[in-house]
Amino acid sequence: MKTNLPYETTGKAIKGYAESVTAKGETNDCVVRAFASSFDISYDYAHKYVAEEFKRKPRKGTYFTASKMVKLSKGMFKVNGKTINPMGEFNTKSIAYPFSLAYDVKVKGEVVKRQMTVGTFVKKNPVGTFFVLVKGHAFTIKDGVVIGNVEDAIKIKRPMKAAFLVK
Numbered sequence: 025m026k027t028n029l030p031y032e033t034t035g036k037a038i039k040g041y042a043e044s045v046t047a048k049g050e051t052n053d054c055v056v057r058a059f060a061s062s063f064d065i066s067y068d069y070a071h072k073y074v075a076e077e078f079k080r081k082p083r084k085g086t087y088f089t090a091s092k093m094v095k096l097s098k099g100m101f102k103v104n105g106k107t108i109n110p111m112g113e114f115n116t117k118s119i120a121y122p123f124s125l126a127y128d129v130k131v132k133g134e135v136v137k138r139q140m141t142v143g144t145f146v147k148k149n150p151v152g153t154f155f156v157l158v159k160g161h162a163f164t165i166k167d168g169v170v171i172g173n174v175e176d177a178i179k180i181k182r183p184m185k186a187a188f189l190v191k
C-alpha cells in the first residue's frame, strides 16, 4: 500500500527561491510558494503578486484564497501565459469554498457523498498542474508530484477544500 506521494522541495521547484532574500525572511507563505510553483514564476514575483491581488501582509498568511482564485478565473486572469480553472461542482452552500470536490461512493448499497482527499485527487488527476487548498494551507501538485511542505506528500488522507487546474 502506498503511504505517501512523490515530493519535490520548494528550493528545487520554485525559480529563485533559494536565492531570494524575501523568502528567507518569510513565514506563512504557502500561498506564495504554491502560486510560484503552479505558474512557473519566481518566488519574488509571486510574493509581489499575492501581496497586491490577495492583499497578503508580510509573514501573516493569505486569507480567502479560494474565493479570490475563483474571481481571478472569471476574469480570464493569466500569469506566465497560464490560466486558472476551478475544479469540482459549483457549491451554493459555501462562500469560502465555492466549488465542491465531494464525490459519490456506494456504501452498503447506499450512495453517500465523500470529501476528496489528497490521495484520491492524485489518483483521479495524475497529469496536470493543480493549486491545492486544504484547511489552512496551500500547495501544488504537478503531474502527481507534491511541491510544498514534506507533510503535504505524507498526509494523503487529508481532506481537500479546493483545487484549481493551472494550464
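Note that the working numbering has the sequence shown beginning at 25, numbered continuously upward. In this text, a Cβ means the ideal position worked out from N, Cα and C, and glycines have one as well. Owing to the predicted nature of the structure, the values given are computational and were not obtained by experimental measurement.
Those residues which DSSP pairs with residue i across a bridge
i: residue 165; result: 154, 170
i: residue 138; result: 127
i: residue 186; result: 157
Given residue i as reference, the closest of the options once Cα atoms are compared
i: residue 181; options: 30, 137, 143, 138; result: 143
i: residue 71; options: 91, 124, 41; result: 41
i: residue 49; options: 109, 82, 65; result: 82
i: residue 38; options: 115, 170, 129, 150; result: 170
i: residue 94; options: 109, 87, 134; result: 109
i: residue 55; options: 178, 167, 168, 161; result: 161
i: residue 87; options: 175, 138, 135, 52; result: 52
i: residue 28; options: 189, 176, 191; result: 176
i: residue 59; options: 90, 31, 122; result: 90
i: residue 98; options: 43, 122, 146; result: 122
i: residue 104; options: 178, 151, 61; result: 61
i: residue 19; options: 134, 190, 189, 172; result: Outside the shown range of the chain (25 to 191) lies residue 19, about which nothing can therefore be said.
i: residue 191; options: 158, 178, 152; result: 152
i: residue 139; options: 64, 74, 184; result: 184
i: residue 159; options: 85, 131, 130, 96; result: 85
Same chain, Cβ closer than 6 Å to residue i, five either side skipped, listed in chain order
i: residue 156; result: 163, 165, 187
i: residue 34; result: 41, 57
i: residue 149; result: none
8 Å Cβ shell around residue i - same chain, five flanking residues per side excluded
i: residue 46; result: 67, 68, 71
i: residue 63; result: 70, 103, 104, 106, 190
i: residue 141; result: 180, 181, 182, 183, 184
Sequence-distant residues of its chain with Cβ nearer than 7 Å to residue i (five each side left out)
i: residue 44; result: 67, 68
i: residue 146; result: 29, 165, 168
i: residue 25; result: Confidence at residue 25 is low in this model, with a pLDDT of 47, below 50, so the placement of that residue should be treated as unreliable; the coordinate-derived value is given next. So no residue of the chain qualifies.
Any chain D beta carbon closer than 7 Å to residue i
i: residue 76; result: Absence of chain D from the displayed structure is noted, only one protein chain being present.
Starting from the N-terminal side, write out each stretch of the alpha helix (DSSP H) that is 4 residues or longer and does not extend beyond the segment 79-126. The segment 79-126 contains these whole alpha helix (DSSP H) runs: 89-98.
Write down every uninterrupted run of the alpha helix (DSSP H) in the segment 27-61 whose length is 4 residues or greater and which is fully enclosed by it, in chain order. 34-37, 45-48
Three or more C-beta pairs below 8 Å linking the segment 123-133 and the segment 100-114: yes
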